[in-house]
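Protein chains in written order, with the numbering used here: chain A, 554 to 829; chain B, 74 to 325. Backbone N, C-alpha and C define an ideal beta-carbon position, used for all residues, glycine too. Here the structure is a predicted model, which means the values were calculated and not measured.
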Amino acid sequence: MFEAFQFEFMRNAMLAGLLASVACGIVGVYVVVKKIVSMSGSIAHASFGGIGLGYLLKFNPVLGAMLFALLSALTMGLVTRRTKLPEDTATGILWALGMSLGVIFIGLSSGYAPDLMSYLFGNILTVPFSDILLMAGLDVIIVALVIAFYKEFLLLSFDEEFGTVVGMPVNALYLLLLCMVALTVVVLIRVVGMILVIAMLTFPAALARQFTHDIKKMMLLAVLFGMLFTFGGLWISYVLNLASGAAIILLSGLVLLLSYAVTGLRGKVKARRGTA
Amino acid sequence: MTAPGVVRLEDVWVRYNGTPALEGINLQVAEHDFLGIIGPNGGGKSTLLKVILGLIRPERGMVTVLGNPPDKSRGRIGYVPQYSNYDHNFPVSVIEVVTMGRYGKAGLLKPYGRIDKQAAEKALRRVGMLDHAGAQIGQLSGGQQQRAFIARALVSEPQLLLLDEPTASVDSAMQTDFYELLEHLKEEMAIIMVSHDIGAVSVFVDKIACLNVQLYYHGSREITPEILEATYKCPVQLIAHGDVPHRVLREH
Chain A
554 MFEAFQFEFM RNAMLAGLLA SVACGIVGVY VVVKKIVSMS GSIAHASFGG IGLGYLLKFN
614 PVLGAMLFAL LSALTMGLVT RRTKLPEDTA TGILWALGMS LGVIFIGLSS GYAPDLMSYL
674 FGNILTVPFS DILLMAGLDV IIVALVIAFY KEFLLLSFDE EFGTVVGMPV NALYLLLLCM
734 VALTVVVLIR VVGMILVIAM LTFPAALARQ FTHDIKKMML LAVLFGMLFT FGGLWISYVL
794 NLASGAAIIL LSGLVLLLSY AVTGLRGKVK ARRGTA
Chain B
74 MTAPGVVRLE DVWVRYNGTP ALEGINLQVA EHDFLGIIGP NGGGKSTLLK VILGLIRPER
134 GMVTVLGNPP DKSRGRIGYV PQYSNYDHNF PVSVIEVVTM GRYGKAGLLK PYGRIDKQAA
194 EKALRRVGML DHAGAQIGQL SGGQQQRAFI ARALVSEPQL LLLDEPTASV DSAMQTDFYE
254 LLEHLKEEMA IIMVSHDIGA VSVFVDKIAC LNVQLYYHGS REITPEILEA TYKCPVQLIA
314 HGDVPHRVLR EH
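This is the structure in structure tokens:
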């Protein structure tokens with residue numbers, strides 16, 4: 554009986570890790586090359602408002618997070634394209650507004666919020682199967698969009714102005730990209746928590762960029778790195794009795810820094826050989 | 074020849090936050106014209122190109138490109154932006170960059186096909202860059218990157234080619250090659266080139282426009298010191314050193 558339970562929650566954890574890696578690897582590459590890291594961070598934090606709303610109105614907080622993430626993505630996209638408000642100002646405003654709404658909603662909901670910590674910092678070991686189904690569904694949508702709009706997203710990320718010149722609907726595609734980031738935030742929330750989502754979106758993709766100049770290979774590598782970090786972090790958290798979400802992020806952060814250090818040293822060695 | 078006119082600007086005004094960038098611009102470019110636009114930095118050269126591309130809507134005046142408003146002519150205009158306008162570390166290969174120029178022919182949601190790939194290779198061969206098709210764009214030298222971006226503009230077989238400071242990153246040895254390429258291209262399309270390099274412009278282009286918020290001159294390439302003075306405000310220093318003056322001020 555106990556073994557069966559153990560098997561089930563490990564299976565769910567594995568599935569959650571795999572699904573999270575697919576989303577963060579693929580969308581993370583766009584986040585990194587298009588340089589919308591802090592914008593994505595804002596979308597992730599604004600989703601907290603939805604988590605609070607879920608507690609207040611007693612529905613699944615993940616669905617609330619999805620609603621708020623999508624709304625903030627659309628707002629951010631429209632505000633930065635249609636007004637003269639600087640991008641980082643809009644980012645800061647949405648970030649803070651979403652979070653304060655979340656705090657107020659939770660305060661209003663009789664003050665008691667069970668497993669709030671798992672939404673903030675993630676807990677891959679307690680992801681319910683219903684959320685895994687949702688994550689799988691979102692993964693399918695994300696992969697389908699990236700396959701369908703591959704050439705559009707490449708041009709959008711590389712040279713938006715040229716995209717406009719050749720007649721591509723760049724603003725609509727930009728909104729779509731931000732919405733994909735929002736969906737990815739939802740996929741990742743249960744695994745690493747909304748506060749650390751931004752790290753999971755950035756680290757595997759940034760590491761992949763160290764190894765290839767091909768965006769497709771970069772996506773595959775980022776997915777692979779995401780899986781290694783998730784399972785490696787899970788193992789470390791088990792052995793050292795640490796929080797799983799933080800362990801995953803810490804592991805990926807250290808590996809990324811290490812790879813930058815190696816690249817830097819190699820560059821120095823090369824430069825020295827060159828001058829010798 | 075009574076060409077319909079590739080580009081036609083009538084009394085075009087553009088302002089940025091109240092500061093005038095273009096004032097009362099009138100400009101006409103016919104088929105097979107090779108127009109060079111010179112003028113100081115901040116004189117509105119890039120703005121003028123962006124008006125022709127429909128990226129900037131003027132607050133007054135009329136713009137017609139290939140018989141239509143600019144945004145209706147997209148896909149028939151080739152554009153080579155300034156060198157510094159993109160992320161040089163971007164994970165994309167030369168052939169991928171060039172293929173982006175086929176977007177208008179392929180259209181939304183349709184992947185690039187064999188025809189697009191062949192067109193991209195042809196354009197790369199034309200600029201002498203086919204051997205570098207697989208390289209990451211940032212690994213090329215400045216001049217090679219510029220060629221790749223010209224290939225990207227050519228790959229859609231445009232009727233009008235716009236170049237923004239194309240020689241800024243090209244070493245002088247390659248510049249002659251570059252202008253020879255443009256010589257051939259002008260047989261097939263009208264070319265407008267923006268440059269601060271007065272010397273080179275005056276040798277290779279057919280017509281010159283001097284732009285500093287207002288258009289000071291527009292006509293054949295023999296420009297006088299007075300026109301340059303009006304455009305640059307401080308002409309003497311600008312044209313008095315180097316071998317530039319000999320080329321600018323042709324003998325009449």
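Within the segment 180-204 of chain B, contact with chain A at the beta-carbon level (separation under 8 Å) is assigned to Leu-181, Leu-182, Pro-184 and Tyr-185. The straight-line gap separating the alpha-carbon atoms of Arg-220 of chain B and Gly-116 of chain B is approximately 26 Å. Judged by beta-carbon spacing, Gly-798 of chain A lies within the 8 Å limit of Phe-674 of chain A, meaning their Cβ atoms are closer than that value. Residues of the segment 706-721 of chain A that bring their beta carbon within less than 8 Å of a beta carbon in chain B comprise Leu-707, Leu-708, Ser-710, Phe-711, Asp-712, Glu-714, Phe-715, Gly-716, Thr-717, Val-718, Val-719, Gly-720 and Met-721, in sequence order. No Cβ of chain B is located within less than 8 Å of the beta carbon of Ile-659 of chain A. At the C-beta level, Val-171 of chain B and Leu-197 of chain B come within 8 Å of one another.
At a Cβ-Cβ threshold of 8 Å, Val-739 of chain A and Ala-618 of chain A count as neighbours. Along the segment 122-140 of chain B, the positions whose C-beta sits under 9 Å from a C-beta of chain A are Lys-123, Leu-126, Gly-127 and Leu-128, read in chain order. By the neighbour-count criterion, in which 16 or more other beta carbons inside 10 Å mark a residue as buried, His-205 of chain B falls on the buried side. DSSP places Tyr-665 of chain A outside both helix and strand once states are collapsed to three, so it counts as coil. In the structure shown, the three-state DSSP call for Pro-614 of chain A is helix. The segment 141-157 of chain B makes no contact with the segment 91-100 of chain B; the number of CB pairs closer than 8 Å stays below 3. Asn-724 of chain A: not part of any beta strand (DSSP E); member of the alpha helix (DSSP H) spanning 723-745, first to last residue. Every beta strand (DSSP E) stretch that sits fully inside the segment 149-176 of chain B and reaches 3 residues is listed by chain position as 150-153. Checking the DSSP bridge columns, you'll see Ala-282 of chain B partnered with B:Ile-110 and B:His-291.
When Cβ-Cβ separations below 8 Å define contact, Gln-209 of chain B makes contact with chain A.
Within 8 Å of the CB of Asp-767 of chain A, the CB atoms of chain B belong to Pro-164 and Ser-166, in sequence order along the chain. Taking 8 Å as the threshold, the shortest C-beta distance from Lys-611 of chain A to chain B does not fall below it.
For Asp-270 of chain B, same chain residues with a beta-carbon under 7 Å away, outside a window of 5 residues either side, are Thr-240 in chain order. Interface criterion not met: the Cβ of Met-262 of chain B is under 8 Å from no Cβ in chain A. For Gln-209 of chain B, DSSP records a beta bridge to B:Ser-166. Residue contact check for Ile-111 of chain B against chain A: no CB pair falls below 8 Å. Selection A:Ile-768, A:Thr-765, A:Ala-761 and A:Glu-640 evaluated against Met-780 of chain A yields A:Ala-761 as nearest (Cα-Cα). Contact check for Val-87 of chain B and Glu-132 of chain B: beta-carbon distance about 7 Å, within the 8 Å limit, so the pair qualifies.
A residue is called buried when at least 16 other Cβ atoms come within 10 angstroms of its Cβ; Glu-260 of chain B does not meet this threshold and is exposed. Taking 3 residues as the shortest admissible run, the segment 187-260 of chain B contains the following complete beta strand (DSSP E) segments, listed from N- to C-terminal end: 233-237. Under the 8 Å criterion on CB atoms, Gly-174 of chain B is classed as interfacial with respect to chain A.
Under the three-state reduction of DSSP, Ile-265 of chain B is assigned to strand. Under DSSP, Pro-93 of chain B forms a beta bridge with B:Arg-88. Against Met-771 of chain A, the close residues of chain B are Pro-164, in the order they occur along the chain (beta-carbon pairs closer than 8 Å).
Going by DSSP, Val-79 of chain B is part of no alpha helix (DSSP H) at all; its letter is neither H nor E. Taking a contact as a CB-CB distance under 8 Å, the pair Tyr-727 of chain A and Gly-630 of chain A counts as one, their CB atoms being some 6 Å apart. Taken through DSSP and simplified to helix, strand or coil, Thr-765 of chain A comes out as coil.
Residue state for Asn-565 of chain A is assigned as helix, using DSSP reduced to three classes.
Counted as a single uninterrupted DSSP element, the beta strand (DSSP E) harbouring Val-138 of chain B occupies residues 133-138.
Against chain B, the CB of Val-586 of chain A has a partner CB under 8 Å away; the residue lies at that interface.
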